[in-house]
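Take a look at the structure set out below.
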Amino acid sequence: MELFEHLTAKARKHPQRIVLPEGLETRTLTAADRIIADGLANITLLGDRNEILQLAKDLKLPNIEKATIVNPADKDVIDRYAPLFYELRKSKGVTMDEACMTATNPLYLGCLMVKAGDADGQVAGALNTTGNVLRPAFQIIKTLPGISVVSGAFIMVLPKGLNFGTNGILIFADCAVVPMPTSAELAQIAISTARTARDIAGITPHVAMLSFSTKGSAKSPAVDKVIEACNIAHNMEPSLILDGELQADAAIVPSVANQKAPNSPLSGRANVLVFPSLEVGNIAYKLVQRLGGVQAVGPILQGLAAPVNDLSRGCFPEDIYKTIIITCNQAIGIKNLD
Numbered sequence: 027m028e029l030f031e032h033l034t035a036k037a038r039k040h041p042q043r044i045v046l047p048e049g050l051e052t053r054t055l056t057a058a059d060r061i062i063a064d065g066l067a068n069i070t071l072l073g074d075r076n077e078i079l080q081l082a083k084d085l086k087l088p089n090i091e092k093a094t095i096v097n098p099a100d101k102d103v104i105d106r107y108a109p110l111f112y113e114l115r116k117s118k119g120v121t122m123d124e125a126c127m128t129a130t131n132p133l134y135l136g137c138l139m140v141k142a143g144d145a146d147g148q149v150a151g152a153l154n155t156t157g158n159v160l161r162p163a164f165q166i167i168k169t170l171p172g173i174s175v176v177s178g179a180f181i182m183v184l185p186k187g188l189n190f191g192t193n194g195i196l197i198f199a200d201c202a203v204v205p206m207p208t209s210a211e212l213a214q215i216a217i218s219t220a221r222t223a224r225d226i227a228g229i230t231p232h233v234a235m236l237s238f239s240t241k242g243s244a245k246s247p248a249v250d251k252v253i254e255a256c257n258i259a260h261n262m263e264p265s266l267i268l269d270g271e272l273q274a275d276a277a278i279v280p281s282v283a284n285q286k287a288p289n290s291p292l293s294g295r296a297n298v299l300v301f302p303s304l305e306v307g308n309i310a311y312k313l314v315q316r317l318g319g320v321q322a323v324g325p326i327l328q329g330l331a332a333p334v335n336d337l338s339r340g341c342f343p344e345d346i347y348k349t350i351i352i353t354c355n356q357a358i359g360i361k362n363l364d
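Dropping the structure here:
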């Protein structure tokens, strides 16, 4: 079964409640209409109901009327969610008046709905910057227990003939968020990416912590950071199959691993590659994508207590459709549904 066939089937089996703050964005509405038609999620759109329904009519989207539509300007909505934001942020000096104003911001309101248990995840970014999408998520939803850093992973779906990873799938991280992670942050990124491998890619994670050194072949503070990250990750999740520091070829090529790291539990069959910095990860995924004809699915934001995913402002409705499906699967994974 192809990756998105698997994810779609799982989403249909366990429909999640996904809030879309950009309720008057045409690509978002087009994707939402298709999600509703396919029975993959219960969609909540934020915005004025009459305006949303009129736009849906103009776009010939018959299923939007089946969505839940919440107007951030409604007094009842503000009264419900502003006190929650106040309680979360009063220690930072936020007043109730400021909380009421903030609750009218769709990006904040969507996260408040997730925090309150009225939604399971949020997808935004077709109109908003990454910073604007993530800021309310950090302030309201926060991170999973034991995780203090949010990172971004890409699922790399390899073309036939490239026999790396598991079933032609590799997971790359962090390629989107943390510029220069510490050892502790790198360990958390490894743990989060292993969860993404299980919940989204449907594979058992075999994690390689990458470096320009393999098992002491080079000495550098940068190498020491990766070694320390490996030790921290092992302590965090002892059952996880993880090894490092490894060069990329020793991580994914069995014959090279046999020479460079013969005692590695990965045996050159890693399917999760954790890069030592954002610079390396971002360059690597783009090169692999372009030179190898590889499909890069993401970025998938990981580490939050509930899923919030960011879109490119140049995205297509198909991208939003798939991101909603991924978000559903993240929520399903957090809930430990089968």
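Quick note: the sequence shown, position 290, residue 316 per the working numbering, numbers continuous. Backbone N, C-alpha and C define an ideal beta-carbon position, used for all residues, glycine too.
Boundaries of the alpha helix (DSSP H) around residue 159: 156-162.
Contact between the segment 234-254 and the segment 265-275 is established, with three or more Cβ pairs separated by less than 8 Å. Under the 8 Å Cβ criterion, the segment 223-242 does not count as touching the segment 336-347, having fewer than three qualifying pairs. Beta-bridge partners of residue 257 (DSSP): none assigned.
With a contact defined as Cβ atoms closer than 8 Å, residue 311 and residue 296 miss out at about 15 Å. Residue 294 and residue 138 have their C-alpha atoms roughly 44 Å apart. Here residue 144 carries a coil assignment [DSSP, helix/strand/coil]. Exposure of residue 309 is indicated by the presence of fewer than 16 other C-beta atoms within 10 angstroms of its C-beta.
In the displayed model, residue 240 falls within coil according to three-state DSSP, outside both helix and strand.
Residue 283 and residue 276 have their C-alpha atoms spaced approximately 4 Å apart. Non-local beta-carbon contacts of residue 56 in its own chain, meaning distances under 6 Å to residues more than five positions away in sequence, involve 343 in chain order. Contact between residue 267 and residue 299 is ruled out by a C-beta separation of about 14 Å, above the 8 Å threshold. Here DSSP, grouped into helix, strand and coil, assigns residue 269 to strand. Check the Cα spacing between residue 241 and each of 205, 186, 190, 285: the tightest is with 285. Counting C-beta atoms within 10 angstroms of its own C-beta, residue 128 has 16 or more neighbours from the protein chains shown and is therefore classed as buried. Membership of residue 353 in the alpha helix (DSSP H) is indicated by the continuous run 343-360. Assignment of residue 179 by DSSP, reduced to helix, strand and coil, places it in the strand class.
Only residues of its own chain outside the window of five on either side were considered, and among them 120, 122, 125 have a CB closer than 7 Å to the CB of residue 112, listed in chain order. By a beta-carbon distance limit of 8 Å, residue 325 contacts residue 180. Their separation comes to about 6 Å. When the five nearest sequence neighbours on each side are left out, the beta carbons in the same chain lying within less than 7 Å of the beta carbon of residue 209 are those of 251, 254, 255, 258, in order along the chain. Only residues of its own chain outside the window of five on either side were considered, and among them 142 have a CB closer than 8 Å to the CB of residue 106, listed in chain order. Counting along the chain, the unbroken alpha helix (DSSP H) around residue 104 starts and ends at 101-115. Residue 203 and residue 313 have their C-alpha atoms some 18 Å from each other. For the set 169, 350, 360, the Cα lying nearest the Cα of residue 61 is the one of 350. With 16 or more other CB atoms across the displayed protein chains lying within 10 angstroms of its CB, residue 333 is buried. For residue 336, the three-state secondary structure derived from DSSP is strand. Annotation: the continuous beta strand (DSSP E) that includes residue 298 extends over 298-300.
DSSP places residue 325 in the uninterrupted beta strand (DSSP E) bounded by 321-328.
Per DSSP, the continuous beta strand (DSSP E) segment holding residue 67 begins and ends at 67-72. Judged by beta-carbon spacing, residue 47 lies beyond the 8 Å limit of residue 114, meaning their Cβ atoms are not closer than that value. Between the C-alpha atoms of residue 91 and residue 345 there is a straight-line separation of about 22 Å. For the set 94, 205, 331, the Cα lying nearest the Cα of residue 356 is the one of 331.
Exclusion of the five residues before and after residue 183 leaves 29, 194, 195, 320, 321, 323 as the residues of its chain whose Cβ lies within less than 7 Å of its Cβ. Under the three-state reduction of DSSP output, residue 93 falls in the coil class, being neither helix nor strand.
Cα atoms of residue 231 and residue 198: separation of roughly 12 Å, rounded to the nearest angstrom. Taking the Cα of residue 49 as reference, the smallest distance to any Cα among 186, 167, 136 is reached at 136.
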